[in-house]
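In UniProt numbering, the protein residues as written are 1 to 126. Let me begin by presenting the structure, written as structure tokens, before commenting on it.
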């Protein structure tokens with residue numbers, strides 16, 4: 001397996017249009033990206049590689065991004081990975097009270113704002 005200096009971002013988003021836009025943005029900015037459409041795929045990928053940052057949707061077909069965030073933050077192996085929660089249907093204050101993510105963004109989001117957050121959190125050592 002080749003080594004890379006690229007930062008790796010996992011994106012758990014079931015909406016194909018949103019996932020495609022995020023993947024395109026991140027690849028254009030030279031990130032390594034792994035898009036997961038469901039929770040099972042996400043956990044399988046997490047067993048194989050630890051990303052530099054995770055972007056989680058709240059509402060998923062087979063789970064809840066808040067539960068995933070909580071599990072990640074409680075696990076000694078993953079608590080250091082920055083998490084950005086995305087939500088179209090939840091008020092951010094509600095999401096913040098249930099999850100210890102480093103960042104929260106409402107959908108639809110400003111693309112520049114999204115990239116600034118990813119750039120910041122994927123390069124911060126927590």
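Glycine included, each C-beta is placed from N, C-alpha and C at the ideal position. Nothing here was measured: the structure is a model prediction, and the numbers come from that model.
May I ask whether a heavy atom of the ligand GTP can be found less than 7 Å away from the beta carbon of residue 33?
No copy of the ligand GTP occurs in the structure displayed, which carries no ligand at all.
Reduced DSSP secondary structure (H/G/I, E/B, other) of residue 55:
Per DSSP, reduced to three states, the secondary structure at residue 55 is strand.
Could I get the ranges of all uninterrupted beta strand (DSSP E) runs contained in the UniProt domain "Response regulatory" (8 to 122), with 3 residues as the minimum, in chain order?
Listed in chain order, they are 8 to 12, 32 to 36, 53 to 57, 83 to 87 and 103 to 106.
Go through its chain and collect everything with a Cβ distance to residue 35's Cβ below 6 Å, but skip five positions before and after it.
If we look at residue 35 and ignore the five residues flanking it on each side, its Cβ neighbours are 11, 19 and 23.
Look at residue 52 and residue 83 and say whether their C-beta atoms are less than 8 Å apart.
No, Cβ-Cβ distance for residue 52 and residue 83 is not below 8 Å.
If the criterion is Cβ atoms closer than 8 Å, does the pair residue 25 and residue 115 meet it?
Going by C-beta atoms, residue 25 is nearer than 8 Å to residue 115.
Sorted by chain position, which residues of the same chain lie with C-beta nearer than 8 Å to residue 108's C-beta, five sequence neighbours on each side aside?
Hits under 8 Å: 88.
Would you call residue 30 buried or exposed, if buried means 16 or more other Cβ atoms sit within 10 Å of its Cβ?
That one is exposed.
Excluding the 5 residues flanking residue 27 on each side, which residues of the same chain have their C-beta closer than 8 Å to its C-beta?
These residues qualify, in order along the chain: 33.
Please list, in chain order, all residues of the same chain as residue 63 whose beta carbon is under 7 Å from its beta carbon, the five residues on each side excluded.
Within its own chain, the residues whose Cβ lies closer than 7 Å to the Cβ of residue 63, once the five positions on either side in sequence are excluded, are 39, listed in chain order.
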